[in-house]
Amino acid sequence: MYLPPEIENPVTGERIEFDESASNDERLVWDETRPAKLDPPPIHYHPDTEERFEVRAGRLIVERDGEKHTVRAGEEVVIPPGTPHVSYTESETAHFRREVTPPGHWREALTARFAAVHAVGELSGVTGLLQTVLLAQTYPDVVVPAQPPRSLQRVLFPVLAAIGRAAGLKSPHPYPHNEFDDQDGNRPTMPP
Numbered sequence: 004m005y006l007p008p009e010i011e012n013p014v015t016g017e018r019i020e021f022d023e024s025a026s027n028d029e030r031l032v033w034d035e036t037r038p039a040k041l042d043p044p045p046i047h048y049h050p051d052t053e054e055r056f057e058v059r060a061g062r063l064i065v066e067r068d069g070e071k072h073t074v075r076a077g078e079e080v081v082i083p084p085g086t087p088h089v090s091y092t093e094s095e096t097a098h099f100r101r102e103v104t105p106p107g108h109w110r111e112a113l114t115a116r117f118a119a120v121h122a123v124g125e126l127s128g129v130t131g132l133l134q135t136v137l138l139a140q141t142y143p144d145v146v147v148p149a150q151p152p153r154s155l156q157r158v159l160f161p162v163l164a165a166i167g168r169a170a171g172l173k174s175p176h177p178y179p180h181n182e183f184d185d186q187d188g189n190r191p192t193m194p195p
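Per the working numbering, the very first residue in the sequence shown carries number 4; after that it's consecutive.
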């Protein structure tokens, strides 16, 4: 799978730049920009991963345990594994650093999510639901929706995934190569 150093959601304008120097087998680190007033994703949890948000500029809203927390520049919040939560913006764009421990398949899952938007458009409506189910099935160790209950997901998601595949959807979609990438998907570095 092609894993570019930067990815962008062409619909929402969200951008992620992976920090190769800070990432390793124990953690994945990236800088993220999330524009203002995006609809929040569904409440979800990460089965085995701790997630850390450190806001650099703007405000990020993080809801967990039924409480809404506004995280401002210079502040951070840590989400333990298995904790239902959601993060989103309200009136201003948020620039933040995000770290997940352990990294698992996070980079692949994030890249696949943005690649799906490049391939099928906004992940909303029936197409969005089916594509999201395919992504959840491909990366079950990364993200799990908090609802419906996991027991129902185990029955329902395979059926929805089959419908999605029959409709021509797939997971993962390849992330489009940038015009500046070389044949292996790497961006050439400028000479000193």
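No residue lacks a Cβ here, since even glycine has one placed at the ideal position from N, Cα and C.
Query, Result
"So, for T141: in the same chain, excluding its five sequence neighbours on each side, which residues have a beta-carbon less than 8 angstroms away from its beta-carbon?", "A112, A115, S174, P175"
"Just to check my reading of the structure: L172 and L133 have Cβ atoms closer than 8 angstroms, yes? What is that Cβ distance to the nearest angstrom?", "6 angstroms"
"Would you say the segment 29-40 touches the segment 13-20, given that touching needs at least three Cβ pairs under 8 angstroms?", "yes"
"Do L163 and V146 come within 8 angstroms of each other at the CB atom, strictly closer than that value?", "no"
"May I ask you to list the residues that DSSP assigns as paired with L31?", "V103"
"Ordered along the chain, which non-local residues of its own chain (more than five positions away) have a Cβ less than 8 angstroms from that of H121?", "P13, H176, Y178, P179"
"Can you name the start and end residues of the beta strand (DSSP E) that V257 belongs to?", "The structure shown does not extend to residue 257, since the chain is modelled only from 4 through 195, so no value can be given for it."
"On a Cα-Cα basis, can you pick out the residue from V129, E70, P148, S154 that is closest to A204?", "Here the chain covers residues 4 to 195 and nothing more, so residue 204 does not appear."
"Give every residue of the same chain whose Cβ lies closer than 7 angstroms to the Cβ of E95, excluding the five residues on either side of it in the sequence, and list them in chain order.", "A39, G61, R62"
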